[in-house]
Amino acid sequence: MKVELIRVELRRPTYRYLGFAHVRSGDGREYRLPMTGTVAQWLEVGAEYELRLSRETEIGFDDYRLNGEIPIWPLFAREYAAERTSPVSGETLYSYRVLAREARYERDYEAIVELEQYHYASDEELLAWWHCEACDRYEEANARPHCPKCGAPMRFHDLKSATRASRFLVLELLEREPYEPQYVGYVRVDPPIPAMNRRLPDGTIERDIRRRVFPGEWFAHPFAPRGGEGAGEWWELQGEALKGARSPVARLARVVVHPDYRVDGLGQLAIRALVDWMRERWVPDMRRPKEALETIAMMARYNPFMEKAGFVYLWDTGSGRPVLYLPLSDRARKAIEDFLARDPVAKDHRGKLYRPRFEPVEPLSRPIRLRKLFKSYSNELTLEDLSEPVREALEAFGVRERMIQRYVIKNGEIEIEPGKITAIVGASGSGKTTLLRIIWGLLTGCDDPLYRPDAGEWELPANARVQLLIPGEVEPDFGDAAVIEVLYRICGDEALAIEILNYAGISDAVLYRARFRELSTGQKERAKIAWVLAHRPNLILIDEFGAHLDPATARRVARRMSQLSREKGITLVLVTHRREILEALEPDAVYMVGYGTLFRADEVPERGFRVREPYATYIVEGKKRWEVRRYPTGVRGKVGVVSGDKVIGTVEILGSKGPYTLEELREHPDRHLADERFLKEYARGEKLYVWELGEARKFHEPVEFEPQRGQRTWIRLRRKGYRRGESSEDVTRNGA
């Protein structure tokens, strides 16, 4: 039905989340429509709207729809998906489902206050006003306080930095772990500022710069309240100013994303949602279609976020703050392009403000190759310093004084390619840290026996700039200075220091100025990574990478490190045991360290043979020493063991024996592990051969391969998605 707005009902304390629009239909019926006061205050008395009711009386927030030229109620809400992809394959590693909606509830604003404390521009210690309904008293606080007079919980009133014209969009995670926050960000949109001057490089001030670029009428009706003796009078003056404010330009006043999620680009998603909101609802004023979005952001000098979201740098304000515009119409786009083409200063910067500081490093000049590597440790076990009761207790278990000697690496081999990512996995105490020590010791010439191999052969690049991080052993000393100050002293560039902190997953300006001892355990780990990056190494060795990060944060930081190292040519060697980190890193090589052994766990041989389960698993676990077959094989050496459509490990074929009768095979069940029924069905009355199996290795993760037609027992192995210039011919049945 057609209705006319006859008045708006607001109460100052609760206007953000409660207001009423009183409308009258053509036949004289009046309706009191509940909505947020943030929306109701923009409606114009006498304007006509289209009303659809689901009930005629006691109308609630969800019982109607109100439309004008644009939808008015219910509020804007839209789901978004954000996929984080592999820098290697482009495949999705993980994703987010986010609901972007206009703030409606009191709890939304409480979440905004909490998030606002992360905002780089929040220089006020106390951010929000709260109201006591019983005492009609206002208090400042950053979390819901109790009234100092009556003790009752106070209600949210408003953010101190906002105006009545400000509108907010919140971002909620729809799918999250129990430890993840519900609200991950918000956006605040305002009318454009009433006037804007420009400062030229020589210090000259150019007045009213926007009218040189855009149509003057775009800024002819600003939101510009003035005067007011107290908070109540100021609130009323803002209400009067709302009545005449209208512009096809809006201003991005805030975009705040939880610092743990900034590394994954949720800020750009927030801008995308804001643009959709502006196009659909013409926010904030709802009176003119929006053609451009302006923002004034000093942080744009130090972070490319705005420009990645599509903003174009135009000029600095009279006070020296960067101004960027996002065109939403062809008219705005052409105006910006014309300005960049004709303005002498703009011609020089060409709409670009941010310049990345972290340049690619000089890559390692050659691979690191270690062969025939041996490393052992000796420990003398003594009972001398123990008390008598303790010594007697240990002796009861057979503990005596002795020298314990063991190999942690025995005849190991590893090759680390320049610019590649190598992951080292293995059980605790198996030698992973020892391997990092050896690599670092060889490259730096350290003569400490802890960092030297007992024996081996090695080839090393001459230009290695290596940084080692071993928790509790080799760590940076931040002292008592702010984290960003420490990085600045290393790299000599404050913008580069900020860029490095962002790469390491610390993107909260509050943490920039924090001292190391004030950080959480997980934040300390990320600060250490930033310290390593600040030295601009071309080789990074990190033990227990991501050990103190929750799974979601570990995945984000690992993906970022993977992307950074590949973009900048850094060779990365990381020790980890966590699946989510390996998935996000997508290492080029995975080496297994295990009580003396060191081998490449993900190396797929040129060929492999199919084996049914459970025998395939028995082989790679080293339990099965004979593989029973109907024919001998001429293949020797390491081959892949294929189960289904995956290579699950490798085994060495030493040779063939036979033929054997069933009776002869029955005498060696410990070698072939086959039951008599299987042998009888498989033999079909014929004699059988055995392939003698040697050293076996089980892959940490099975490797998918691309099967080719015509292949039966023997298979040319090719990783899925990988192309080698080789024939797809099947290897003959006898392996010749």
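Per the working numbering, the sequence shown starts with residue 20, numbered consecutively.
Note that beta-carbon positions come from the ideal geometry of N, C-alpha and C, so glycine has one too.
In the pairwise beta carbon analysis, the stretch 580-590 is classified as not touching the stretch 414-422: fewer than three pairs are separated by under 8 Å. Taking 8 Å as the cut-off, the Cβ atoms of residue 210 and residue 242 count as close. Assignment of beta strand (DSSP E) within the stretch 144-186, counting only whole runs of 3 or more residues, yields 147-151, 156-160 and 174-178 in chain order. Note on residue 561: 16 or more other CB atoms within 10 angstroms of its CB, so buried under the neighbour-count rule. Cβ contact annotation for residue 73 (same chain, cutoff 7 Å, sequence separation greater than five): 82 and 83, in chain order. Assignment of alpha helix (DSSP H) within the stretch 520-556, counting only whole runs of 4 or more residues, yields 528-531 and 540-553 in chain order. For residue 689, there is no enclosing beta strand (DSSP E); the enclosing alpha helix (DSSP H) covers residues 688-691. Pairing residue 131 with residue 205 gives a Cβ-Cβ distance under 8 Å. For the pair residue 659 and residue 669, the CB atoms are nearer than the 8 Å cut-off. Positions of the beta strand (DSSP E) runs, each at least 3 residues long and wholly inside the stretch 325-356, are given as 331-336 and 341-346 in order along the chain.
Across the structure, residue 41 and residue 49 are spaced so that their CA atoms are roughly 7 Å apart.
Under the rule that a run must span 3 or more residues, the beta strand (DSSP E) segments found entirely inside the stretch 568-619 read 590-594, 608-613 and 616-619. In the structure shown, residue 238 falls within a helical segment according to DSSP collapsed to helix, strand and coil.
Assigned with DSSP and collapsed to three states, residue 713 falls in strand. Excluding sequence positions up to five before and after residue 86, its CB lies within less than 7 Å of the CB of 68 and 69, all in the same chain and listed in chain order. For residue 204, the enclosing beta strand (DSSP E) covers residues 202-209. In the structure shown, the three-state DSSP call for residue 700 is helix. For the pair residue 314 and residue 270, the CB atoms are nearer than the 8 Å cut-off. Just so you know, the alpha carbons of residue 455 and residue 682 end up roughly 52 Å apart. Contact between residue 450 and residue 611 is absent: CB atoms are separated by about 10 Å, not below the 8 Å threshold. Contact check for residue 679 and residue 707: beta-carbon distance about 6 Å, within the 8 Å limit, so the pair qualifies.
In the DSSP assignment, residue 294 falls within the unbroken alpha helix (DSSP H) covering 285-300. The bridge partners DSSP lists for residue 111 are 104. For residue 219, the three-state secondary structure derived from DSSP is coil.
Of 337, 371 and 298, the smallest CA-CA separation from residue 322 is found for 371. Excluding five sequence positions before and after residue 535, the CB atoms of its chain that fall closer than 7 Å to its own CB belong to 497, 502, 543 and 546, given in chain order. Distance from residue 188 to residue 135 at the Cβ level is roughly 14 Å; contact not present, criterion being Cβ atoms closer than 8 Å. Residue nearest to residue 245 within the set 675, 64, 261 and 61 is 261 (criterion: CA-CA distance). For residue 486, the uninterrupted beta strand (DSSP E) segment begins and ends at 485-488. The way I'd put it, the stretch 511-520 does touch the stretch 364-379; three or more beta-carbon pairs between them come closer than 8 Å.
In its chain, beyond the 5 residues on either side, 644 and 645 have a beta carbon closer than 7 Å to the beta carbon of residue 690. One Cα belongs to residue 404, the other to residue 453, and the distance between them is close to 29 Å.
The Cβ neighbour count for residue 474, taken over all protein chains shown within 10 Å, is under 16; the residue is labelled exposed.
In this chain, residue 41 is not harboured by any alpha helix (DSSP H); it is covered by the beta strand (DSSP E) spanning 38-44.
Under the DSSP assignment, residue 658 falls in the beta strand (DSSP E) whose first and last residues are 656-662. Residue 324 and residue 31 have their C-alpha atoms spaced approximately 36 Å apart.
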